[in-house]
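Just so you know, the protein sequences line up as chains W and P, in that order.
The working numbering numbers the first residue of the first sequence as 1 and each following residue consecutively.
The working numbering numbers the first residue of the second sequence as 338 and each following residue consecutively.
Don't be surprised by glycine CBs; every beta carbon is placed ideally from N, CA and C.
Have a look at the structure below before the remarks.
Protein chains: 2
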Amino acid sequence: MPGPSQRVRLALDAMGGDYGPQETVKGAIEAAKGGDVEVLLVGDPAALQAELEKHRVAALPVKVVPAEGVIQEGEHPVQALRQKPRASIVVAAGLVKQGAAQGFVTMGSTGAAMAAAALTFGLMEGIERPALGGPIIGLAPRTVIIDLGSSVDCRPSQLVSFAALGSAFAKTFLGVEQPRVALLSVGAEEGKGNRQAKETYELLKASGQNFVGNVEGHDLPLGRADVVVCDGFVGNILMKLTEGLGEGLAQHLRSRLGGRPADAEAVAQEVYDLLNAVERAGGGPLLGVKGVAVVGHGRSRAPAVASALHTAMLAVQLRFVEKMYQELAALRRPDAP
Amino acid sequence: MPGPSQRVRLALDAMGGDYGPQETVKGAIEAAKGGDVEVLLVGDPAALQAELEKHRVAALPVKVVPAEGVIQEGEHPVQALRQKPRASIVVAAGLVKQGAAQGFVTMGSTGAAMAAAALTFGLMEGIERPALGGPIIGLAPRTVIIDLGSSVDCRPSQLVSFAALGSAFAKTFLGVEQPRVALLSVGAEEGKGNRQAKETYELLKASGQNFVGNVEGHDLPLGRADVVVCDGFVGNILMKLTEGLGEGLAQHLRSRLGGRPADAEAVAQEVYDLLNAVERAGGGPLLGVKGVAVVGHGRSRAPAVASALHTAMLAVQLRFVEKMYQELAALRRPDAP
Chain W
1 MPGPSQRVRL ALDAMGGDYG PQETVKGAIE AAKGGDVEVL LVGDPAALQA ELEKHRVAAL
61 PVKVVPAEGV IQEGEHPVQA LRQKPRASIV VAAGLVKQGA AQGFVTMGST GAAMAAAALT
121 FGLMEGIERP ALGGPIIGLA PRTVIIDLGS SVDCRPSQLV SFAALGSAFA KTFLGVEQPR
181 VALLSVGAEE GKGNRQAKET YELLKASGQN FVGNVEGHDL PLGRADVVVC DGFVGNILMK
241 LTEGLGEGLA QHLRSRLGGR PADAEAVAQE VYDLLNAVER AGGGPLLGVK GVAVVGHGRS
301 RAPAVASALH TAMLAVQLRF VEKMYQELAA LRRPDAP
Chain P
338 MPGPSQRVRL ALDAMGGDYG PQETVKGAIE AAKGGDVEVL LVGDPAALQA ELEKHRVAAL
398 PVKVVPAEGV IQEGEHPVQA LRQKPRASIV VAAGLVKQGA AQGFVTMGST GAAMAAAALT
458 FGLMEGIERP ALGGPIIGLA PRTVIIDLGS SVDCRPSQLV SFAALGSAFA KTFLGVEQPR
518 VALLSVGAEE GKGNRQAKET YELLKASGQN FVGNVEGHDL PLGRADVVVC DGFVGNILMK
578 LTEGLGEGLA QHLRSRLGGR PADAEAVAQE VYDLLNAVER AGGGPLLGVK GVAVVGHGRS
638 RAPAVASALH TAMLAVQLRF VEKMYQELAA LRRPDAP
């Protein structure tokens with residue numbers, strides 16, 4: 001059993017998300033009970049103290065770090081960061097920068113988290129914005145799709161960087177030794193696709209990644225690749241479509257099966273889960289930033305918050321940031337010397 | 338009841354598709370039995386005659402028109418058209434051009450059908466390639482998504498043309514009087530999306546179409562719009578993903594439910610159908626070409642062939658080509674005088 005010295009210390013933006021600070025504090029306590037993490041709850045001290053007092057936490061490694069204000073989902077991230085330099089997400093990122101925490105976790109605005117991470121940690125070479133990626137389809141829970149919406153209008157070289165980041169993800173979190181990297185396109189053969197895909201194909205072939213060619217939409221649920229690279233415009237639409245289909249089908253099955261079999265509800269939930277891998281994952285790490293930052297779903301309740309903290313803990317323990325550096329450094333780029 | 342003079346005469350590329358000429362001939366006979374269509378079976382006369390002799394067709398309006406060769410799925414459409422000027426798809430399109438038929442139907446290569454239709458009929462103003470569109474998600478069987486893969490790398494003005502073609506589709510085949518047109522993007526608000534989406538948003542606002550703004554991936558199954566416009570790269574990936582998810586889930590439910598309830602197979606099929614509207618539709622009309630051309634799935638068996646012929650019949654009877662002209666002509670384009 002790891003002793004306190006091996007504990008991972010994480011900063012949690014306790015004000016972010018639809019249910020902060022109630023559920024974030026609860027989730028932090030859940031995670032801290034595991035014994036492997038210490039949590040710095042970042043936010044309004046009075047509100048956080050009030051939440052803590054609802055639970056028996058005297059012996060747990062959970063501390064409050066004061067911050068002022070929170071950046072909301074609708075705000076322009078970079079502007080908001082400037083206007084609220086003491087906002088919870090900014091303070092949480094700063095704690096990591098100062099070495100007081102090893103990573104931060106938020107259920108708040110993804111845009112604000114990306115901006116805070118990029119500004120505070122910095123971006124890795126060749127990365128223009130933090131990328132988002134991970135398994136999104138429950139039928140293929142080990143297929144990492146990247147990017148899921150942070151970058152639209154990607155140049156082909158960005159997609160090659162995504163391949164490296166996706167490989168680091170698959171190696172670190174899924175234990176895949178030599179991830180098969182594929183490019184999402186509209187035909188299996190080389191030369192199929194839009195301009196972006198055609199150019200990216202050439203670069204991926206030369207990249208030194210384990211590139212297995214194009215995959216199409218119907219290949220995604222089959223898990224034919226470990227990493228599927230696409231522009232964030234496409235990835236975001238795919239992710240949200242899958243989510244919407246899961247909700248629609250689960251609803252249909254609930255009324256359709258109506259108790260026959262007795263586990264109809266379980267069947268409906270299963271179908272939902274077979275489409276959506278996102279919520280189960282409990283937050284995804286921001287990719288391509290020089291530090292550990294995990295963003296969870298805004299709708300997260302305590303168990304999902306705990307799960308996001310767990311993801312951040314793994315990222316620290318498994319040296320995820322180092323692995324991203326390594327994969328990016330190993331890329332062969334035709335335009336490089 | 339319509340007399341023989343009101344019958345619609347259609348040319349069927351009887352050699353195309355995975356199961357031509359057996360299933361195409363069978364499908365043609367099925368359709369002709371309905372009394373509303375005459376079918377010209379285009380292809381190898383000996384093979385077609387042999388198929389016809391398996392059925393009692395003496396009284397039916399089904400005739401053979403000779404052609405030589407067939408264009409396969411893998412061939413380059415335009416090259417193949419040049420090399421095989423007597424191929425079944427070319428002859429079928431020619432019959433329409435000459436006035437011997439009012440539309441053509443094929444289960445063969447979509448690329449070849451598009452090339453044959455474009456070269457033989459010509460394209461409408463502002464259209465660069467025949468477009469593909471229609472309902473693709475069974476949960477939203479009245480939402481037309483366009484384009485589904487014929488054009489990638491679309492300029493914004495092409496997407497505006499798709500809006501007009503999609504509206505013509507919704508008005509003609511779905512009876513929607515004033516179709517709500519939406520743009521597929523990664524956020525609901527104006528200004529969200531890639532460059533293409535942002536520019537298209539502006540054009541659609543000014544187009545005179547009933548533009549209701551952006552929709553996201555999770556909106557697609559909800560039927561929030563009658564026409565959803567997107568680049569063929571995105572549309573094709575969405576269509577194939579939905580198809581793949583349907584297959585994966587149906588397979589899962591078959592083994593999961595295993596006879597409980599007794600109609601487990603029906604439930605699995607239902608789930609498949611809730612995802613896939615494409616196969617039920619029995620072939621989609623090519624959009625933006627100056628004539629009726631319907632392309633069915635390569636896997637089509639006789640009922641799907643009959644259904645594709647029915648779609649072509651409706652396109653003729655409901656004056657679909659005229660409606661596409663009208664919608665395109667009514668577009669307001671900022672760059673036009």
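Cβ of residue i within 8 Å of any chain W Cβ
i: Glu-580 (chain P); result: yes
i: Ile-574 (chain P); result: yes
i: Val-376 (chain P); result: no
i: Pro-598 (chain P); result: yes
i: Pro-674 (chain P); result: The predicted position of Pro-674 (chain P) is uncertain, since its pLDDT is 40 and thus under 50; a value taken from the coordinates is nonetheless stated next. It does not; no Cβ of chain W falls within 8 Å.
i: Phe-499 (chain P); result: no
i: Asp-373 (chain P); result: no
i: Gly-625 (chain P); result: no
i: Val-523 (chain P); result: yes
i: Asp-610 (chain P); result: no
i: Leu-469 (chain P); result: no
i: Leu-476 (chain P); result: yes
i: Asp-556 (chain P); result: yes
Chain P contact for residue i (CB, 8 Å cutoff)
i: Lys-33 (chain W); result: no
i: Lys-240 (chain W); result: yes
i: His-252 (chain W); result: yes
i: Asp-147 (chain W); result: no
i: Phe-233 (chain W); result: yes
i: Glu-125 (chain W); result: no
i: Glu-199 (chain W); result: no
i: Asp-18 (chain W); result: no
First through last residue of the beta strand (DSSP E) which encompasses residue i
i: Ala-293 (chain W); result: 292-295
i: Leu-184 (chain W); result: 181-184
i: Asn-214 (chain W); result: 211-215
i: Ala-11 (chain W); result: 8-13
i: Val-402 (chain P); result: 399-403
i: Val-144 (chain W); result: 144-146
Exposed unless 16 or more other CB atoms sit within 10 angstroms - verdict on residue i
i: Leu-355 (chain P); result: At residue 355 (chain P) the sequence reads Asp, which differs from the Leu that was named. Its Cβ having fewer than 16 others within 10 Å, Asp-355 (chain P) is exposed.
i: Arg-466 (chain P); result: buried
i: Ser-185 (chain W); result: buried
i: Lys-363 (chain P); result: buried
i: Ser-167 (chain W); result: buried
i: Lys-54 (chain W); result: exposed
i: Gln-343 (chain P); result: exposed
i: Ala-347 (chain W); result: Since the first residue shown for chain W is 1 and the last is 337, residue 347 (chain W) is missing from the structure and cannot be characterised.
i: Glu-322 (chain W); result: exposed
i: Ala-92 (chain W); result: buried
i: Ser-314 (chain P); result: Missing from the structure shown is residue 314 (chain P); chain P here goes from 338 to 674 and no further.
i: His-555 (chain P); result: buried
i: Gly-3 (chain W); result: Summary for Gly-3 (chain W): the model assigns pLDDT 47, below 50, so the residue's position carries little reliability, and this model does not support an answer.
Run of the alpha helix (DSSP H) containing residue i, from where it starts to where it stops
i: Ala-46 (chain W); result: 45-53
i: Lys-33 (chain W); result: 22-33
i: Val-160 (chain W); result: 156-174
i: Ala-645 (chain P); result: 639-654
i: Glu-536 (chain P); result: 532-542
i: Val-394 (chain P); result: Unbroken run through Val-394 (chain P): none, as it is neither H nor E.
i: Ala-525 (chain P); result: Careful: Ala-525 (chain P) lies outside any alpha helix (DSSP H) and carries neither H nor E.
i: Leu-328 (chain W); result: 320-330
Neighbouring residues, chain W, relative to residue i (Cβ below 8 Å)
i: Leu-559 (chain P); result: Gly-244 and Gly-248
Interface residues of chain W facing residue i [CB-CB closer than 7 Å]
i: His-647 (chain P); result: Chain W residues near His-647 (chain P): none, gap ~27 Å exceeds 7 Å.
Per-residue contacts from residue i into chain P (C-beta, under 7 Å)
i: Asp-226 (chain W); result: Per Cβ cutoff of 7 Å: no residues; Asp-226 (chain W) is ~17 Å from chain P at best.
Where residue i meets chain W, residues with beta-carbon distance less than 9 Å
i: Arg-532 (chain P); result: Val-152 and Asp-153
CB contact below 8 Å: residue i versus chain C
i: Gly-445 (chain P); result: In the structure shown, chain C does not exist; the protein chains are W and P.
Where residue i meets chain P, residues with beta-carbon distance less than 8 Å
i: Arg-256 (chain W); result: Val-604 and Glu-607
i: Asp-13 (chain W); result: Here the premise fails: no neighbours, minimum Cβ distance about 22 Å.
Within chain P, the residues that residue i reaches when beta carbons sit closer than 9 Å
i: Glu-216 (chain W); result: Asn-573, Ile-574, Lys-577, Leu-578 and Gly-581
Inset, instruction - Jot down the residue ranges of each uninterrupted alpha helix (DSSP H) in the segment 407-477 of chain P, minimum 4 residues, whole runs only, in chain order. - result: 414-420, 425-434 and 447-458
Legend entry - Entirely enclosed alpha helix (DSSP H) segments - the segment 560-634 of chain P, minimum 4 residues: 569-594, 601-612 and 615-618
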